[in-house]
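Okay, structure first, notes after.
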Amino acid sequence: MHKKLFLIFLYLILPIHLKAEESILLFGAEKEKEAGYYYLGQLAPLQGSKLGNGYVHRLWLDYNNFNYDLNSTNVDAKAKGISYALGYQGLVDNSFSYAGFIGAGFRNTDLSPNDPGNKSAGSKLNAMLLVEAEKKFTNSYKLNFYASSEPNVESYWSRLKLSFGDHIKIGPEFTIQGDPSYDTKKIALFVSDIDISNETKMGLKIGQSKTNGSGHEAFIGIEFVKVLK
């Protein structure tokens, strides 16, 4: 029932979402030996607002697979999700911007073998909270912070990025994510804002991740950001 209600909701709001004069399409993937994360998303302003300053929609589809240790047993998890959120993007001054979102998402998580203590297992409709902030110290030096949570299943994700460069950006990023059943930490070096067309930019990353009960794993990532007008 939850899934049907959420899909009906998306059907009603999606045409409004796509009428925006300008929006951003995001696509990315991170891959390591036995885990990966893949996403496709869109950000678009509500009527009367514009990106970076006003009210926006966020539509997101993703797929996540990972494994964690449970009492010396390796649990393999596969999660498919779709979410929709409304938010506000604002500017305090020319050096600091922020955003906050609230929404809902439907996620199906398969575990093998089953972990009865994992609150995320199965098909669930979850409330979502997201925050973002950016601090520019100079035109070529800035700090970005992103975080999200699904409180009813106690899941969390956050990322801190420090970038250098006037056009192409380079720098380190640190990510933590998990829930009561697992915890993953990642560190990576990224290159972003690589122009591949007038309205599309690309980013690349390489790093290491560690999930409870396992060793360090190398991973690579790629992302694309396209402005739709």
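So the sequence shown is numbered by my numbering: it starts at 11 and just counts up by one. From the three backbone atoms N, C-alpha and C, an ideal C-beta is built for every residue, glycine too.
Status (buried if at least 16 other CB within 10 Å, exposed otherwise) for residue i
| i | result |
| --- | --- |
| glycine 231 | buried |
| alanine 228 | exposed |
| histidine 226 | exposed |
| proline 43 | Per the sequence shown, residue 43 should be read as lysine rather than proline. Counting Cβ neighbours within 10 Å, lysine 43 comes out exposed, since fewer than 16 surround it. |
| glycine 132 | exposed |
| phenylalanine 116 | buried |
| valine 66 | buried |
| lysine 29 | Confidence in lysine 29 is poor, its pLDDT being 49 and thus under 50, which makes the residue's placement unreliable; the coordinate value appears in the next sentence. With fewer than 16 Cβ atoms within 10 Å of its Cβ, lysine 29 is classed as exposed. |
| valine 237 | exposed |
Closest Cα partner of residue i within the set the options
| i | options | result |
| --- | --- | --- |
| lysine 60 | Asp189, Ser93 and Gln99 | Gln99 |
| glycine 110 | Leu80, Glu144 and Ile206 | Glu144 |
| aspartate 120 | Asn128, Val201 and Lys196 | Asn128 |
| serine 82 | Phe234, Asp125, Ile92 and Ile112 | Asp125 |
| glycine 217 | Gln187, Leu199 and Asp205 | Leu199 |
| lysine 239 | Ala54, Pro161 and Glu44 | Ala54 |
| isoleucine 92 | Asn84, Val102 and Asn136 | Asn136 |
| threonine 194 | Lys179, Ser168, Ile204 and Lys215 | Ser168 |
| threonine 148 | Asn104, Pro161 and Ala114 | Asn104 |
| tyrosine 73 | Lys88, Tyr65, Gly64 and Val66 | Lys88 |
| glutamine 187 | Val237, Tyr65, Ser159 and Asn118 | Ser159 |
| asparagine 162 | Lys134, Lys179 and Glu183 | Lys134 |
| serine 150 | Met138, Ala157, His177 and Tyr156 | His177 |
| isoleucine 112 | Met138, Asn84 and Gly64 | Met138 |
Pair within 8 Å by beta-carbon distance, residue i and residue j
| i | j | result |
| --- | --- | --- |
| leucine 172 | glycine 181 | yes |
| lysine 196 | threonine 185 | yes |
| serine 33 | glutamine 52 | yes |
| alanine 95 | leucine 153 | no |
| asparagine 222 | tyrosine 78 | yes |
| arginine 68 | glycine 38 | no |
| lysine 146 | asparagine 118 | no |
| lysine 220 | serine 202 | no |
| asparagine 75 | alanine 45 | yes |
Anticipated Cβ contact below 8 Å, residue i with residue j, distance rounded
| i | j | result |
| --- | --- | --- |
| serine 107 | glycine 175 | Contact doesn't hold; Cβ gap of about 18 Å is too wide. |
| leucine 71 | tyrosine 47 | The pair is not a contact, with the Cβ atoms about 12 Å apart (cut-off 8 Å). |
| serine 224 | aspartate 189 | 16 Å between Cβ atoms; not a contact. |
| aspartate 86 | serine 130 | Aspartate 86 to serine 130, Cβ: 14 Å. No contact. |
| alanine 235 | leucine 36 | A quick correction: the sequence has valine, not alanine, at residue 235. Sure, about 6 Å apart at Cβ, within 8 Å. |
Residue i CB to nearest heavy atom of the ligand COA below 7 Å
| i | result |
| --- | --- |
| valine 102 | The model depicted lacks the ligand COA and carries no ligand whatsoever. |
Boundaries of the beta strand (DSSP E) in which residue i is found, first to last residue
| i | result |
| --- | --- |
| aspartate 193 | 192-207 |
| proline 126 | First-last for proline 126: undefined, no H or E at that position. |
| glutamine 57 | That residue, glutamine 57, is in no beta strand (DSSP E); it is neither H nor E in DSSP. |
| isoleucine 230 | 226-238 |
| lysine 179 | 179-189 |
| aspartate 79 | 64-80 |
| lysine 152 | 151-160 |
| asparagine 222 | First-last for asparagine 222: undefined, no H or E at that position. |
| lysine 43 | No beta strand (DSSP E) contains lysine 43, which DSSP labels as neither H nor E. |
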